[in-house]
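Asker: Taken in order, the sequence shown gives residues 715 to 881; the numbers are from our numbering.
Ideal Cβ positions, reconstructed from N, Cα and C, are used throughout, including at glycine.
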Amino acid sequence: MKKQIVLMDRARMERTLKRMAIQVWERINKENEGEMVLIGLNERGEATARLLGESLEELMGTDIAVHRYDVQGKASKSSLPDCNDKFVLLVDDVIFSGKTMFSALSAVCSVYEPESIEIAALLDRGHRKYPLRTDLMGITVPTKPGEHIEVMLKDGSLSQAVLFKNN
């Protein structure tokens, strides 16, 4: 039987993403970056990026478009926005092996020349197979084999993050 533990509810996700937005804002101001491109990976990454984008809009006083990039195997069905000479923030809900993020990063770099790229994840499970690190993360939850973390959506918005444990 699988045991479920709620790691984050909606309110905690909002607080965490607001803190992450402040960190992004500080980086952009320090480095005097040009335009920012916010890309959410797949459905849950897009929902995470939308909530992060709302906090960034409040801080920056400007509209920020959130783009969705669907990573599926070696090819994607969605296209990337123009990332040339821009600060690119790749956002996912959970990062584990790094495969999804690596695929998105490779796609951006194979087509564009961004000013800089950073990686953000609401939850970091550790256990990377790919040489990636998260620049911005909400919480780190090292998992054991057989455990899984899923961010639940309700009507397309973040609802809660749940750890599924065996026994």
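(1) Which of helix, strand or coil does DSSP assign to A773?
(2) Expressed to the nearest angstrom, what Euclidean distance is found between the alpha-carbon atoms of A779 and L755?
(3) Is N798 helix, strand or coil when you go by DSSP?
(4) May I ask whether a heavy atom of the ligand FMN can be found less than 7 Å away from the beta carbon of E771?
(5) Taking DSSP's pairing of strands, which residues face H862 in a bridge?
(6) Keeping to the same chain, check which residues put their C-beta closer than 7 Å to that of D869; ignore five residues upstream and five downstream.
(7) Give every residue of the same chain whose Cβ lies closer than 6 Å to the Cβ of H862, excluding the five residues on either side of it in the sequence, and list them in chain order.
(8) Specify the secondary structure class of K717 as computed by DSSP and reduced to three states.
(9) Taking Cβ positions, are S769 and A818 nearer each other than 8 Å?
(10) Would you kindly work out how many angstroms separate the C-alpha atoms of N798 and I719, rounded to a whole number?
(11) Taking DSSP as the reference, what is the three-state secondary structure of G754?
(12) Report all residues from its chain with a CB closer than 7 Å to the CB of F810; omit the five preceding and five following residues, and keep chain order.
(13) Among residues of its own chain, excluding the 5 on either side of D849, which ones have a beta-carbon nearer than 6 Å to its beta-carbon?
(14) Out of curiosity, what's the CA-to-CA distance linking M722 and L836?
(15) With DSSP as the reference, please indicate the residues paired to E832 in a beta bridge.
(16) Report the rounded CA-to-CA distance for P845 versus I853, giving the unit in angstroms.
(17) Could you tell me which residues DSSP puts in a beta bridge with D723?
Answerer: Reading from the atomic positions:
(1) Here residue 773 refers to the residue found at position 59 of the sequence shown. Note that residue 773 is Leu in the sequence shown here, rather than Ala. DSSP, reduced to helix, strand and coil, places L773 within a helical segment of the structure shown.
(2) Position 65 of the sequence shown, counting from 1, holds the residue named residue 779. Position 41 of the sequence shown, counting from 1, holds the residue named residue 755. The straight-line gap from Cα to Cα measures roughly 14 Å.
(3) The residue given as residue 798 occupies position 84 in the sequence shown. Looking at N798 - three-state DSSP - the assignment turns out to be coil, as it is neither helix nor strand.
(4) Of ligands this structure carries none, so the ligand FMN is not represented either.
(5) Here residue 862 refers to the residue found at position 148 when the sequence shown is read from its first residue. Beta-bridge pairing links H862 to F878.
(6) Counted from its first residue, the sequence shown places residue 869 at position 155. So the list is empty, once near-sequence residues are dropped.
(7) The residue labelled residue 862 in the question sits at position 148 within the sequence shown. F878, listed in sequence order.
(8) Along the sequence shown, one-based indexing puts residue 717 at 3. Of the three classes helix, strand and coil, the one that applies to K717 here is strand, per DSSP.
(9) Counting from one through the sequence shown, the residue named residue 769 turns up at place 55. Counting from one through the sequence shown, the residue named residue 818 turns up at place 104. No, they are not a contact pair.
(10) As a first step, residue 798 is located in the sequence shown; it is residue number 84 there, counting from the start. As a first step, residue 719 is located in the sequence shown; it is residue number 5 there, counting from the start. Their Cα atoms are separated by approximately 42 Å.
(11) On the sequence shown, position 40 is the one that residue 754 refers to. Correct three-state label for G754: strand.
(12) Taking the first residue of the sequence shown as position 1, residue 810 is located at position 96. Within the same chain, F810 has close Cβ partners R839, H841.
(13) Along the sequence shown, one-based indexing puts residue 849 at 135. Excluding residues within five positions, the ones whose Cβ falls inside 6 Å are E832, I833.
(14) Indexing the sequence shown from 1 puts residue 722 at position 8. Indexing the sequence shown from 1 puts residue 836 at position 122. Using only the alpha carbons, I get a separation of about 10 Å.
(15) The count along the sequence shown starts at 1 and reaches residue 832 at position 118. Per DSSP, L803.
(16) Within the sequence shown, residue 845 is the residue found at index 131, counting from 1. Within the sequence shown, residue 853 is the residue found at index 139, counting from 1. Straight-line Cα distance between these residues: approximately 19 Å.
(17) In the sequence shown, counting from the first residue as 1, residue 723 sits at position 9. For D723, which the question treats as bridged, DSSP gives the partners Q874.
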